[in-house]
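Read top to bottom, the protein sequences are chains C and R.
Just add 76 to wherever you are in the first sequence, counting from 1, and you've got the numbering used here.
Just add 76 to wherever you are in the second sequence, counting from 1, and you've got the numbering used here.
Glycine included, C-beta positions come from ideal geometry on N, C-alpha and C.
To start, the structure under review is shown below, and the notes come after it.
2 protein chains.
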Amino acid sequence: MHSVDFTAKTSSDGVVERDFTVGEVTGALWSPASGADRAPLVLMGHGGGTHKKWPGMVGRAHRLVTGCGFHVATIDAPGHGGRPRTEHDEQEIAALYRARSAGEPEGPIVVRYNAHLAERAVPEWQAALDALQELPEIGAEGPVGYFGLNMGTAIGVPLTAIEPRITAAVFGLHWPDRLAETAKQITIPIEFVLQWDDEHISRQSGLALFDAFASKEKTLHANAGRHKEVPRFEADSAVRFFARHLGRAVTSPA
Amino acid sequence: MHSVDFTAKTSSDGVVERDFTVGEVTGALWSPASGADRAPLVLMGHGGGTHKKWPGMVGRAHRLVTGCGFHVATIDAPGHGGRPRTEHDEQEIAALYRARSAGEPEGPIVVRYNAHLAERAVPEWQAALDALQELPEIGAEGPVGYFGLNMGTAIGVPLTAIEPRITAAVFGLHWPDRLAETAKQITIPIEFVLQWDDEHISRQSGLALFDAFASKEKTLHANAGRHKEVPRFEADSAVRFFARHLGRAVTSPA
C-alpha cells in the first residue's frame, strides 16, 4: 500500500494546506493550524474540467476546517489537475467541446465519460483514504464524509456505495443515468443540491437522482438559478450537515 | 387603528414573552431579554388546529430571538387559540374530522377552509403589523420577515403578496390550489419546506407551489419523511435565512 507523501505546505487564515501524492495520484489536505487534534475527515471530489485546488474547492475546504475543525482531503481525478490524459480522455473531451460548440446537449457525453472516470477514480480514492487514515491526526476510527457535486457526484456515488467508512455525503448536480441504481444501495444521510433552472440537467432528472437514494435521512436543496449558479450559502449548509453527522460543533457561524 | 395592549409577560432563557391583543385578536411577542435595541421583526403564522403558543411556535421564536436578536410576533388565526368560532368554522372542522375518520383525502377541505380563513386573517395581520410597528423597539423602518407552514402558508402567501413591508419569507407544506396564482406575484426571497413522503400533499403538488413563486432567490428544502416529520434543523435553517435577508448576524450557532 502507498503512503501519503507531502510535497508542499502553506498556511493561511488558520488553515494548513499540504499537497501530497499517494502513488501517482496528486492531492491536497487542509487541516486546522491550531494543532493536530484527531478530527473527522471530509473527502471532497472536484467537478469535471477542474482540479483539486479549484477556487471553489479551496473555499469549501477552508469553511469546513475553520467552521468545525475537520481535516479535508481531495485528489485530482484521472486526467485532471496535470495528471496525464489517455487517448480515450482526449477523445471524450474533444467530443464534449464539439457538442458545446454545436449547441448540442452535453448530458449524454458527460454521463458516459464520468462513468468511465469513476471506474478509474474509485480505487484511487480508496487507496488515498487508506493512506490518509495512517496519519496520526486522522486515524482509522473517525467518521468520514464525502462532498462532491457534478463529476464529484458521479465518482462519489459509486465510491460511497462500496465504502462503509463514508457515513454522510453531500451530492448533487448530476443526471440519474448510470447513478440511480447505485444510489439505491446508499442508506447514509445525504444532502443533495440541484439547480431549479439548470440548463443541462432537467428538473425531472435531478429529482430522480435524489429520489433514488435509500437513505432514511435525505434533504434536497433546490435553488432558483442555472447550472453554475449554486448559491454560496450551500457551502455553509454542507458544513452544518457534516457537523451534525460527523459529530462536531460549528464553532464559527456563517 | 388599534394599538398593542400587553396582557401578560414572562421571561426564560434570555427571551421575554409578552401576550398581547390588537382589538379582538390575541397574539404573542418574543424579544431579547438583553434590551430594547431596535431589531427586525419576524411574523410567524401557526398551522391549522393549533395556536399562537403551540410548542413548535415557541421553539422557533426562541431560536429566532436568541440566534439573531429578532423580535418575533404571532397572532391566533380566526377560530383558533380560544378565539370564537363561527358556524361556518364548526361546519368545516366537522367536515375535516369526518373525512379523516372515513380515511378520505383532507386536501380539498383544508384547501377550501384555509382560503376562507386567509380572507379573514390577512387584514388582521396587517392591523397587527401596523400596531407592532408603533412599538419603539420595532419601529416602522425595519425589515419584516414571515415564517409559516401549513395554514401559516395559506395565510402568509396572500398576506405577503399585498404587504410590501414583508421582505423575506419561509413557506411550505401546502397544496398549490388557491395559492399558486397569488405566489406568482411574490418576488421576495423565499425558503420553501416540503416533505418528500407527505401522505397528504403529493410531490407534484408541493413542487408546483414552490415553482409558482416569481422570486429570483428561492430555495426548496425537501426532506425525506411524512407530513409531520419536518426535521428540527429546518427551524435553524430558517433562522439563518432571516439572518441573511433581514440583515443580522447569527450570534448563537446551531
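- Within 10 angstroms of the beta-carbon of S291 (chain C) lie 16 or more other beta-carbons, which makes it buried.
- A84 (chain C) has C:D95 as its beta-bridge partners, per DSSP.
- Using a CB distance cut-off of 9 Å, F286 (chain C) counts as an interface residue toward chain R.
- Per DSSP, S291 (chain R) has no beta-bridge partner at all.
- Contiguous alpha helix (DSSP H) elements confined to the segment 175-211 of chain R occur at 183-208, taking only those with 4 or more residues.
- Relative to H276 (chain R), the option among R:P252, R:P265, R:V233 and R:E257 whose CA is nearest is R:P252.
- Taking each of R:T263, R:S281 and R:I262 in turn and checking the Cα distance to Q271 (chain R), the smallest one comes out for R:S281.
- Across the structure, I264 (chain R) and F289 (chain R) are spaced so that their CA atoms are roughly 9 Å apart.
- Taking a Cβ-Cβ threshold of 9 Å, the residues of chain R close to H297 (chain C) are T295, L296, H297 and A298, in chain order.
- Check the Cα spacing between G143 (chain R) and each of R:N299, R:L285, R:T162 and R:G90: the tightest is with R:G90.
- The C-beta of L172 (chain C) comes no closer than 9 Å to any C-beta of chain R.
- Contact check for Q202 (chain R) against L235 (chain R) passes: the beta carbons are separated by less than 9 Å.
- Membership of F247 (chain R) in the beta strand (DSSP E) is indicated by the continuous run I242 to G248.
- With distances taken between CA atoms, A109 (chain C) lies nearest to C:F146 out of C:F146, C:G103, C:I231 and C:H127.
- Taking a Cβ-Cβ threshold of 8 Å, the residues of chain R close to S291 (chain C) are A300, in chain order.
- Spanning the alpha carbons of R308 (chain R) and E217 (chain C) requires a straight line of approximately 29 Å.
- With 16 or more other CB atoms across the displayed protein chains lying within 10 angstroms of its CB, M120 (chain R) is buried.
- Secondary structure at M120 (chain R): strand, using DSSP grouped into helix, strand and coil.
- Per DSSP, the continuous beta strand (DSSP E) segment holding P108 (chain R) begins and ends at V101 to P108.
- Per the coordinates, the alpha-carbon of R302 (chain R) lies some 19 Å from the alpha-carbon of V187 (chain R).
- Put simply, the segment 168-180 of chain C does not touch the segment 126-143 of chain C. Fewer than three CB pairs are less than 8 Å apart.
- Judged by beta-carbon spacing, N190 (chain R) lies within the 9 Å limit of R254 (chain R), meaning their Cβ atoms are closer than that value.
- At a cut-off of 9 Å between beta-carbon atoms, L322 (chain C) makes no contact with chain R.
- With a threshold of 16 other beta carbon atoms within 10 Å, F286 (chain R) meets it and is buried.
- Not flagged as an interface residue toward chain C: F82 (chain R), since no C-beta distance is shorter than 9 Å.
- Nearest C-alpha to G228 (chain C) among C:D312, C:I242, C:R320 and C:A197: C:A197.
- DSSP places G224 (chain R) inside the beta strand (DSSP E), whose first and last residues are V220 to G224.
- Not one beta carbon of chain C lies nearer than 9 Å to the beta carbon of S177 (chain R).
- One thing to note: V141 (chain R) has its Cβ no nearer than 9 Å to the Cβ of S177 (chain R).
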